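Peer 1: In case it helps, our numbering puts the sequence shown at residues 60 to 295.
Glycine is no exception: its CB is placed at the ideal position from the N, C-alpha and C atoms.
Just so it is clear, the structure is predicted and the values come from calculations on it, not from any experiment.
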Amino acid sequence: MKTLNRRDFPGAQYPERIIQFGEGNFLRAFVDWQIDLLNEHTDLNSGVVVVRPIETSFPPSLSTQDGLYTTIIRGLNEKGEAVSDARLIRSVNREISVYSEYDEFLKLAHNPEMRFVFSNTTEAGISYHAGDKFDDAPAVSYPAKLTRLLFERFSHFNGALDKGWIIIPCELIDYNGDALRELVLRYAQEWALPEAFIQWLDQANSFCSTLVDRIVTGYPRDEVAKLEEELGYHDG
60 MKTLNRRDFP GAQYPERIIQ FGEGNFLRAF VDWQIDLLNE HTDLNSGVVV
110 VRPIETSFPP SLSTQDGLYT TIIRGLNEKG EAVSDARLIR SVNREISVYS
160 EYDEFLKLAH NPEMRFVFSN TTEAGISYHA GDKFDDAPAV SYPAKLTRLL
210 FERFSHFNGA LDKGWIIIPC ELIDYNGDAL RELVLRYAQE WALPEAFIQW
260 LDQANSFCST LVDRIVTGYP RDEVAKLEEE LGYHDG
């Protein structure tokens, strides 16, 4: 039985326009699933680059399957009937580790097509870490990593107002967009970054507050053999 990859399972691949901090089940089955549907049914035409924000090799990188994976949506439809809908997700192009591929991480800011930043770094992810420095490769906290990436964007495009990002955190804290923005500004000021950058943060970027919820279960270990038989491929 073949393992998922884009050579043996060819299909749509989209230009990289979305950066996603976090590789966990929630983002994969909620945000990336929605992006996949939007790519199919609208002109969104956007691929995701997943940034693993912590130093760990588990779970395995999405790049081992060329970004492909399966979601199965289970529940009841409007008639009260049980449904189970499997979908091969193609919205993710690749995954990079900010710890082992820091230069590649910074290069994401050089792509003029990049437009959105999603994140779910757990409820503790949007927080201040006093030891984070501009020259850290990388900084510890997610807000510090994002600040460094935004400054790379600002510098590469000379402060162009049309090169800002729409930043959509999915961490479950109140007013998560406002909290993330405040921390980015705090790091910018603490690191003595130019006033022009701070103005660009406000004028060119949008920090959106969200409230998201979906029950996402883990890998269905007890059903793997049956599901792979039905799907016709191995999905690790």
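Starting from R207, trace the alpha helix (DSSP H) in both directions and tell me its first and last residue.
Peer 2: As a position in the sequence shown, residue 207 is number 148, starting the count at 1. R207 -> alpha helix (DSSP H) spans 201 to 215.
Peer 1: Hey, F85 and R280: beta-carbon distance below 8 Å or not?
Peer 2: In the sequence shown, the residue the question calls residue 85 occupies position 26. In the sequence shown, the residue the question calls residue 280 occupies position 221. Not a contact, by the Cβ cut-off of 8 Å.
Peer 1: Where Y246 and T206 are concerned, what is the direct C-alpha to C-alpha distance, given to the nearest angstrom?
Peer 2: Indexing the sequence shown from 1 puts residue 246 at position 187. Indexing the sequence shown from 1 puts residue 206 at position 147. Between Y246 and T206, the C-alpha separation is close to 7 Å.
Peer 1: At which residue ranges does the region 102 to 176 contain complete alpha helix (DSSP H) runs of 4 or more residues, listed in the order of the chain?
Peer 2: With a minimum length of 4 residues, the continuous alpha helix (DSSP H) runs that stay inside the region 102 to 176 are 161 to 166.
Peer 1: In terms of residues, what are the limits of the beta strand (DSSP E) holding R273?
Peer 2: For the purposes of this step, residue 273 is taken as the residue at position 214 of the sequence shown. Premise fails: R273 is in no beta strand (DSSP E) and is neither H nor E.
Peer 1: Assess, as a yes-or-no matter, whether the region 163 to 173 is touched by the region 61 to 73 under the definition of 3 or more beta carbon pairs within less than 8 Å.
Peer 2: No, the region 61 to 73 does not touch the region 163 to 173.
Peer 1: Look up F256 in the DSSP assignment and give the residues it is bridged to.
Peer 2: For the purposes of this step, residue 256 is taken as residue 197 along the sequence shown, with counting starting at 1. Paired residue(s): none; F256 is not in a bridge.
Peer 1: Using alpha carbons as the reference points, say which of I257, V283, E114, K222 lies closest to V199.
Peer 2: Looking up residue 199 in the sequence shown gives position 140. The shortest C-alpha separation from V199 is found at E114.
Peer 1: Answer yes or no: do G81 and S143 have a C-beta to C-beta separation smaller than 8 Å?
Peer 2: As a working note, residue 81 is residue 22 in the sequence shown. As a working note, residue 143 is residue 84 in the sequence shown. Taking 8 Å as the Cβ cut-off, G81 and S143 do not qualify as a contacting pair.
Peer 1: Taking Q79 as part of the beta strand (DSSP E), name the residues at either end of that continuous run.
Peer 2: Here the question's residue 79 lines up with position 20 in the sequence shown. Segment 75 to 80, the beta strand (DSSP E) holding Q79.
Peer 1: Taking L127 and I155 to be in contact with their CB atoms under 8 Å, please state how far apart those CB atoms are, rounded to whole angstroms.
Peer 2: The sequence position of residue 127 within the sequence shown is 68, counting from 1. The sequence position of residue 155 within the sequence shown is 96, counting from 1. 17 Å between Cβ atoms; not a contact.
Peer 1: Of the residues P118, P228, L103, L209, which one's Cα is nearest the Cα of Q258?
Peer 2: To locate residue 258, count along the sequence shown from 1; it is residue 199. Nearest of P118, P228, L103, L209 to Q258, Cα basis: L209.
Peer 1: Go to I94, then tell me how far its alpha helix (DSSP H) extends in each direction, as first and last residue.
Peer 2: Start at 1 with the first residue of the sequence shown, and residue 94 comes out as number 35. First-last of the alpha helix (DSSP H) with I94: 91 to 100.
Peer 1: Compute the Euclidean distance between the alpha carbons of D294 and A219, then round it to the nearest angstrom.
Peer 2: The residue given as residue 294 occupies position 235 in the sequence shown. The residue given as residue 219 occupies position 160 in the sequence shown. Approximately 42 Å, taken between the alpha carbons.
Peer 1: Taking the C-alpha atoms as reference points, what is the distance between D95 and K204?
Peer 2: For this step, residue 95 is matched to residue 36 along the sequence shown. For this step, residue 204 is matched to residue 145 along the sequence shown. Rounded to the nearest angstrom, the two C-alpha atoms are 26 Å apart.
Peer 1: To which residues does DSSP link S265 through a beta bridge?
Peer 2: Translated into the one-based positions of the sequence shown, residue 265 becomes position 206. Partner(s): I225.
Peer 1: Shortest alpha-carbon distance to N264 belongs to which of A284, E241, A251, Y278?
Peer 2: Taking the sequence shown and counting its residues from 1, the one referred to as residue 264 is at position 205. Among A284, E241, A251, Y278, the Cα nearest to that of N264 is on E241.
Peer 1: From G70 to V283, what distance separates their C-alpha atoms?
Peer 2: Against the sequence shown, residue 70 aligns to sequence position 11. Against the sequence shown, residue 283 aligns to sequence position 224. Cα to Cα, G70 sits roughly 24 Å from V283.
Peer 1: Among N104, G83, V275, which has the Cα closest to the Cα of Q72?
Peer 2: For the purposes of this step, residue 72 is identified with residue 13 of the sequence shown, where counting begins at 1. Of N104, G83, V275, the residue nearest in Cα terms is N104.
Peer 1: According to DSSP, which residues form a beta bridge with S178?
Peer 2: Here residue 178 is taken as the residue at index 119 of the sequence shown, counted from 1. Bridge partners of S178: F80, P228.
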